[in-house]
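One structure is given below, encoded as structure tokens.
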Amino acid sequence: MTNHEHRPSISPDPVSPSRLAHIVFRTRQLKVLVDWYCTVLGAHVVFASERIAFLTYDEEHHRIALIGSDELADRPPSPAVGFFHVAFTYEGLPQLLQNYVRLKAAGILPHRTIVHGPTVSMYYSDPDGNEVELQIDVFPTADESTAWMQGEAFTNNPIGILFDAEEMLSRYEAGEPISSLTRRADA
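As numbered in numbering that gives the first Met the number 0, residues 0 to 186 make up the sequence shown, in order.
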């Protein structure tokens with residue numbers, strides 16, 4: 000039997016993935032992390048057992064997997080070589096601030112808030128000390144973000160400017176334009 004399905008030829012050229020699928024954490028406190036990620040990301044459990052859980056917050060079957068074990072070694076003191084943080088993007092500043100207010104009411108506060116330039120970010124630590132960035136893109140397109148990152152302000156300060164989340168929330172609620180709230184003061 001002959002298959003006439005059209006298939007692209009296999010070449011030695013690099014092929015990029017189509018998307019990031021999921022991240023996996025190992026933990027000694029599985030239930031605590033399941034609850035934290037469900038709360039922070041508005042995720043839900045797709046599957047859970049005593050040793051593993053799969054969570055999602057969108058159309059993907061899972062975005063986060065958590066593997067529980069009492070046999071894990073302690074985390075090395077920070078800073079250490081290795082994975083630093085994971086970032087999740089929200090639709091816009093209203094959604095990021097809404098999530099900030101919701102998490103604050105649940106006793107979950109960011110430990111760092113930064114207007115990076117291409118993003119506005121709030122950094123949280125999960126109960127195991129993994130850093131989680133909740134962010135928005137400032138520019139409408141990736142090309143505009145890339146162009147900004149190649150400019151003088153980013154070259155001089157690639158980290159960004161710290162901001163006070165409560166002050167930003169107050170300014171937002173007072174009607175200040177989003178473009179003003181998300182623009183770096185040094186740009």
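Glycine included, C-beta positions come from ideal geometry on N, C-alpha and C.
{"Item": "Give me the Cα-Cα distance between His60 and Arg18, rounded to the nearest whole angstrom.", "Value": "14 angstroms"}
{"Item": "Suppose you measure from the CA of Val114 to the CA of Arg170; what does that come to, to the nearest Å?", "Value": "15 angstroms"}
{"Item": "Just curious, the beta strand (DSSP E) that Tyr122 is in, first and last residue?", "Value": "Thr118 to Ser124"}
{"Item": "Where Pro75 and His3 are concerned, what is the direct C-alpha to C-alpha distance, given to the nearest angstrom?", "Value": "55 angstroms"}
{"Item": "Alpha carbon to alpha carbon, how far is Ala52 from His65? Give it in angstroms, no decimals.", "Value": "The sequence given here has Leu at residue 65, not His. The alpha-carbon atoms of Leu65 and Ala52 are separated by roughly 5 angstroms."}
{"Item": "For the region 26-40 against the region 124-133, do three or more pairs of beta-carbon atoms, one drawn from each stretch, fall closer than 8 angstroms, so that the two count as touching?", "Value": "yes"}
{"Item": "Check for me: the alpha helix (DSSP H) holding Glu143 runs from which residue to which?", "Value": "Ala141 to Met148"}
{"Item": "From the DSSP secondary-structure annotation, give me the bridge partner or partners of Ala86.", "Value": "Glu132"}
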